[in-house]
Amino acid sequence: MAKSMLIVSRHSPWSGLGAREALDIALAGGAFELPIGLLFLDDGVFQLLPGQRPAAVEQKDLAANLQALPLFGVEDLYVCRQSLRLRGLDGQPLALPATALEGPELADLFDRYDLVITL
């Protein structure tokens with residue numbers, strides 16, 4: 001049986017390659033039908049905001065990659081509730097449905113996966 005993998009995305013969509021690389025790994029794993037989970041943590045929660053204008057900061061749009069996640073079988077999406085709250089985003093609509101977790105729930109999430117990759 002394939003090992004499960006949790007990818008933790010901690011970078012905003014406009015702060016370099018970290019966000020894109022996390023999505024690429026998730027999509028590649030999903031294409032090979034690996035059990036993948038994706039957690040948006042810290043500034044990574046900004047990736048889930050709808051209506052971004054990446055061209056304004058000369059970045060590529062990650063919206064297509066995000067929308068492709070379910071098509072590649074990556075449906076276990078999580079977001080850190082505290083990260084949303086600290087950035088004033090708690091209660092804001094997200095571009096994808098993600099389960100909001102915090103505290104012990106996050107620890108349990110990490111324990112459920114065989115491998116954890118943080119970008």
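Following the UniProt record's numbering, the numbering of the sequence shown begins with 1 at its first residue and continues without gaps.
Every residue, glycine too, gets a C-beta built ideally from N, C-alpha and C.
It should be emphasised that the depicted structure is a prediction, and the values quoted were computed from it without experimental measurement.
Residue span of the beta strand (DSSP E) that contains residue i, given as start and end
i: Leu115; result: 115-118
i: Leu101; result: 99-101
Minimum C-alpha distance to residue i - residue among the options
i: Gly29; options: Ser15, Glu75, Leu101; result: Glu75
i: His11; options: Lys3, Ala2, Leu38; result: Leu38
i: Pro97; options: Met5, Asp114, Ala68; result: Ala68
i: Leu48; options: Met5, Asp108, Glu102, Ala19; result: Ala19
i: Asp24; options: Asp43, Leu77, Leu62; result: Leu62
i: Phe5; options: Leu77, Glu102, Asp90, Gln82; result: With the sequence shown as reference, residue 5 is identified as Met, and Phe is not the correct amino acid for it. Checking every option, the nearest Cα to that of Met5 belongs to Leu77.
Pairwise C-alpha distance: residue j and residue i
i: Ser15; j: Pro93; result: 22 Å
i: Glu33; j: Phe72; result: 8 Å
i: Ile117; j: Leu66; result: 18 Å
i: Leu86; j: Val79; result: 13 Å
i: Asp42; j: Ile36; result: 20 Å
i: Met1; j: Asp114; result: 11 Å
i: Pro70; j: Leu89; result: 23 Å
One or two residues paired with residue i in a DSSP bridge
i: Ile36; result: Met5
i: Leu77; result: Leu38
Residue i, enclosing alpha helix (DSSP H) - first and last residue
i: Ala19; result: 18-31
i: Phe110; result: 104-112
CB contact check: residue i to chain B, cutoff 8 Å
i: Leu115; result: The structure shown has no chain B; it contains just one protein chain.
C-beta contact flag for residue i and residue j at 8 Å
i: Leu84; j: Ala100; result: yes
i: Ser9; j: Phe40; result: yes
i: Ala22; j: Leu119; result: yes
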